[in-house]
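Notes follow the structure.
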Amino acid sequence: MSYEWLVPVILTVITAATPLVFAGIGELITEKSGVLNLGVEGMMLVGAVSAFVAATVTGSYFIAILTGALAGMFMAFLFGILTLSLMANQVATGLALTLFGVGLSSLIGQDYVGTPVAALAKLNISGLTDLPIIGPILFGQDVLVYLSFVSVIGVSWFLYKTKAGLILRAVGDSHNAAHSIGYSVIGIRYLAVMFGGAMSGIGGAYLSLAYTPMWAENMTAGRGWIALALIVFATWKPGLVLVGAYMFGGITILQLHAQAAGLDLPSQILSMLPYLATVIVLVLISKDESRIRKHAPACIGKIFHPAA
Amino acid sequence: MLPKIVKRPEPSRAMVYLTPIYALLLTILTSMVVFTALGVDPIEALRNFFIVPINNAYGASELLVKATPLILCAIGLSVGFRANVWNIGAEGQLTLGAIFGGGLFVYLHDVDSIFLLPAMIILGAVGGALWAGIPAFLKTKFNANEILTSLMLVYVATLLLSVLIHGPWRDPDGFNFPESRMFSESATMPLILEGTRLHFGSILALLAVLGTWLMLAKTLIGFQIKVIGAAPKAGGYAGFSQKKIIWFSLLFGGAMAGIAGVSEVSGPVGQLLPSISPGYGFTAIIVAFLGRLHPVGIIFAGLLMALTYLGGETAQINLGLPVAVTGVFQGMVLFYLLACDVLVNYRFEFKSMGRAAG
Numbered sequence: 110m111s112y113e114w115l116v117p118v119i120l121t122v123i124t125a126a127t128p129l130v131f132a133g134i135g136e137l138i139t140e141k142s143g144v145l146n147l148g149v150e151g152m153m154l155v156g157a158v159s160a161f162v163a164a165t166v167t168g169s170y171f172i173a174i175l176t177g178a179l180a181g182m183f184m185a186f187l188f189g190i191l192t193l194s195l196m197a198n199q200v201a202t203g204l205a206l207t208l209f210g211v212g213l214s215s216l217i218g219q220d221y222v223g224t225p226v227a228a229l230a231k232l233n234i235s236g237l238t239d240l241p242i243i244g245p246i247l248f249g250q251d252v253l254v255y256l257s258f259v260s261v262i263g264v265s266w267f268l269y270k271t272k273a274g275l276i277l278r279a280v281g282d283s284h285n286a287a288h289s290i291g292y293s294v295i296g297i298r299y300l301a302v303m304f305g306g307a308m309s310g311i312g313g314a315y316l317s318l319a320y321t322p323m324w325a326e327n328m329t330a331g332r333g334w335i336a337l338a339l340i341v342f343a344t345w346k347p348g349l350v351l352v353g354a355y356m357f358g359g360i361t362i363l364q365l366h367a368q369a370a371g372l373d374l375p376s377q378i379l380s381m382l383p384y385l386a387t388v389i390v391l392v393l394i395s396k397d398e399s400r401i402r403k404h405a406p407a408c409i410g411k412i413f414h415p416a417a
Numbered sequence: 000m001l002p003k004i005v006k007r008p009e010p011s012r013a014m015v016y017l018t019p020i021y022a023l024l025l026t027i028l029t030s031m032v033v034f035t036a037l038g039v040d041p042i043e044a045l046r047n048f049f050i051v052p053i054n055n056a057y058g059a060s061e062l063l064v065k066a067t068p069l070i071l072c073a074i075g076l077s078v079g080f081r082a083n084v085w086n087i088g089a090e091g092q093l094t095l096g097a098i099f100g101g102g103l104f105v106y107l108h109d110v111d112s113i114f115l116l117p118a119m120i121i122l123g124a125v126g127g128a129l130w131a132g133i134p135a136f137l138k139t140k141f142n143a144n145e146i147l148t149s150l151m152l153v154y155v156a157t158l159l160l161s162v163l164i165h166g167p168w169r170d171p172d173g174f175n176f177p178e179s180r181m182f183s184e185s186a187t188m189p190l191i192l193e194g195t196r197l198h199f200g201s202i203l204a205l206l207a208v209l210g211t212w213l214m215l216a217k218t219l220i221g222f223q224i225k226v227i228g229a230a231p232k233a234g235g236y237a238g239f240s241q242k243k244i245i246w247f248s249l250l251f252g253g254a255m256a257g258i259a260g261v262s263e264v265s266g267p268v269g270q271l272l273p274s275i276s277p278g279y280g281f282t283a284i285i286v287a288f289l290g291r292l293h294p295v296g297i298i299f300a301g302l303l304m305a306l307t308y309l310g311g312e313t314a315q316i317n318l319g320l321p322v323a324v325t326g327v328f329q330g331m332v333l334f335y336l337l338a339c340d341v342l343v344n345y346r347f348e349f350k351s352m353g354r355a356a357g
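So the sequence lines, in the order shown, correspond to chains A and B. Whatever position you read off the first sequence (first residue = 1), add 109 for the numbering used here. Note that the numbering used here numbers the second sequence so that position 288 is 287, with each residue one more than the last.
Listed below in structure tokens is the structure:
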């Protein structure tokens, strides 16, 4: 029996999951510091369009990805000014960031709608990439796919094995305690928020450079929000963010293959699957309130204003 | 020298009403910089954005037409926001309202009755409320975050409308275009001003604002919403049911958005199309905040945001500016509003270190 059909399926699942991994792991760090940034969708969109424009103008994918990351950071910085320095409500500001990002990205991308670029190059090591099944999967990905795995491992290591990670978690769990022993709560949260922005920007860049190498308005199609749901699913653990992202990637791809397999359903019904799955997963995970409470950073969403 | 942020002993009521004006002024200033950067004369751009669209009677009536769905959705959302119930799925609830209300017409298209339109409006409210009831159920029963569930349902609603219009509800005489039949006269909102598109939906919006105002000021549930929003613990001690408030705010918000949906498809749109709203449900979030979650404020904020839609169109035609400017402008208003809100609870002290020491 041949397993050859599996390879293209796995390859498409990887491309569908990668942007979620980036956005999810970035938001995880943000939330671990005690900040809830609901603007992931907006940061991804601005990252996607900026990276795309940079790729078209410079032709360099390195510059394009960097631009996407910087654009995401810029958006996150705005969020930081509002919520950290000016103490605005995080929920409202996050929504504002998404609404602003939708408008800003379509303004920037106005002249670029529909113009394709070449997709981000995939690794090709003669010998290794040609191996059956595992060759294309392990040795035939683009650089961002590898980077997404590196980021999950790096973030796990950072959070649980380094002192800086411990401080970040302390800030998220008890900002008053962290402040009283001399850590700059606001400074650390700025860094965490900006890291989240950069990762969302790269996630967006993946969409416009690799997933569908073009720019279309609102092309994230809710992935930023799915990334937020992923973190609840993962109970704030980096490894589970990866698992969740691949699960959702799988569901996204399922609809394409179900259609190819001749399933007699309107395509729109199948397109609903990732959104419905998100709702179902949220329900299954949130049902156990104590589990959420145990894992969520205690200070999430709370404003910090040092009394002194 | 950095200013120091000091907490006010009491929130400043004056600032609550001043900050929207600050936010608007800052947005206008920033837009002038952006326009200049885009190579457009900033004064001319502002004139096209804010004055040209409404310098005649037809333009002014169009402003009300655009403000109607915004005010309807925002008034519904404001009730939830007051109680810390974050329904951000008004766009989906609006779509369901259009599906339920418009669906009735699709099945009864040859019925000529004065009851058809009222039935469509009621059914639209029911559709919106049902859609918002899903996040309410999931929140109260399974503790699922209503922000994420209501938002996910926006995508589902849009796809559902698309299924219906590409399939069973497609106009049989429509040359296979994805659109329903044009609504008949008995399914169309009556016009209130001949020669314009101003329709009965605007009166519904006014009634909704008035009703919400009364509800918040005079009823027990209105009181409970305000208490739970301002001090959840106090509400808990007083024995107010958090679950009841969640259900009420979501159903109410959904019904309002549903009415907005019917009012659009039976009004300016005139049929069911795959896209019936340029994001009114999302802009309504800005309207609710900019209006300070207050019924009267929401009317003003709704008119202002409606103007940005018209202004965006005018600026596109006259100055060749991309229509996306509208979205940027709307987002910027909300940003500045949230930034200026710091002034409500805090004040800045510009005391130099030297003077403080001496």
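Cβ atoms here follow ideal geometry from the backbone N, Cα and C, with glycine treated the same way.
Item, Value
"Could you name the residues of the segment 290 to 315 of chain A whose beta carbon sits closer than 8 Å to any beta carbon of chain B, in the order they occur along the chain?", "none"
"Could you tell me if Asp-220 of chain A is buried or exposed, where buried requires 16 or more neighbouring beta carbons within 10 angstroms of its beta carbon?", "exposed"
"Could you have a look at Lys-3 of chain B and say whether DSSP puts it in helix, strand or coil?", "strand"
"Can you find a C-beta in chain B that's less than 7 Å from the C-beta of Gly-331 of chain A?", "yes"
"Taking the DSSP output, what are the residues bridged to Arg-346 of chain B?", "B:Val-5"
"Report yes if the C-beta distance between Gly-151 of chain A and Val-302 of chain A is below 7 Å; otherwise report no.", "no"
"Please name the residue, chosen from A:Gly-143, A:Ala-201, A:Gly-212 and A:Thr-224, that lies closest to Thr-321 of chain A on a Cα-to-Cα basis.", "A:Thr-224"
"Classify Trp-324 of chain A as helix, strand or coil using the three-state DSSP reduction.", "strand"
"Of the choices A:Gln-199, A:Ser-159 and A:Leu-247, whose alpha-carbon is the least far from that of Gly-310 of chain A?", "A:Ser-159"
"Quick one: Cα of Ser-169 of chain A to Cα of Ile-360 of chain A, how far?", "32 Å"
"Note down the Cα distance separating Leu-23 of chain B from Ile-50 of chain B, rounded to an integer number of angstroms.", "15 Å"
"State the DSSP-derived secondary structure class of Val-64 of chain B, mapped to helix, strand or coil.", "helix"
"Got a sec? Which residues, its chain only, sit under 7 Å from Ala-417 of chain A by beta carbon, not counting five neighbours each side?", "Note on Ala-417 of chain A: pLDDT 49, under 50, position unreliable in the model; the coordinate value appears next. None."
"Does the distance from the C-beta atom of Ala-128 of chain B to that of Ile-258 of chain B stay below 7 Å?", "no"
"Identify the continuous alpha helix (DSSP H) that holds Thr-157 of chain B and give its terminal residues.", "145 to 165"
"Can you find a C-beta in chain A that's less than 7 Å from the C-beta of Ser-276 of chain B?", "no"
"By the 8 Å beta-carbon criterion, what residues does the segment 161 to 186 of chain B contribute toward chain A?", "Ser-161, Val-162, His-165 and Gly-166"
"Could you check whether the Cβ of Val-343 of chain B sits closer than 7 Å to any Cβ belonging to chain A?", "no"
"Just to confirm my understanding: we take Leu-339 of chain A, look at its own chain, exclude 5 residues before and 5 after, and list those with CB closer than 8 Å. What are they?", "Leu-129, Gly-133, Val-350, Gly-353, Ala-354 and Phe-357"
"On the DSSP bridge assignment, give the partners of Leu-190 of chain B in chain order.", "B:His-198"
"Name the DSSP beta bridge partners of Val-125 of chain B, please?", "Answer is none; Val-125 of chain B lacks a bridge partner."
"Taking a Cβ distance cut-off of 7 Å, strictly less, list which residues of the segment 58 to 87 of chain B are near chain C, in chain order.", "Here the protein chains are A and B, and chain C is not one of them."
"Helix, strand or coil for Lys-396 of chain A? Go by DSSP, reduced to three states.", "coil"
"Expressed to the nearest angstrom, what Euclidean distance is found between the alpha-carbon atoms of Ser-30 of chain B and Ile-412 of chain A?", "30 Å"
"Find the nearest neighbour of Met-153 of chain A within the set A:Val-162, A:Ala-180 and A:Gly-143, judged by alpha-carbon distance.", "A:Ala-180"
"Check the Cβ-Cβ distances between Leu-37 of chain B and every residue of chain A, and say whether any is below 7 Å.", "no"
"Measuring straight from C-alpha to C-alpha, what distance separates Phe-304 of chain A and Lys-217 of chain B?", "48 Å"
"CA-CA distance, Glu-263 of chain B and Pro-68 of chain B?", "7 Å"
"Closer than 7 Å between beta carbons: that is the criterion. Which residues of the segment 343 to 365 of chain A meet it against chain B?", "none"
"Reducing DSSP to helix, strand and coil, say where Lys-225 of chain B ends up.", "helix"
"Helix, strand or coil for Asp-282 of chain A? Go by DSSP, reduced to three states.", "helix"
"Taking the CB atoms as reference points, tell me whether Ile-245 of chain B and Val-84 of chain B lie closer together than 7 Å.", "yes"
"Could you work out which residue in A:Tyr-255, A:Val-155, A:Ala-307 and A:Thr-238 is closest to Gly-135 of chain A when comparing CA atoms only?", "A:Ala-307"
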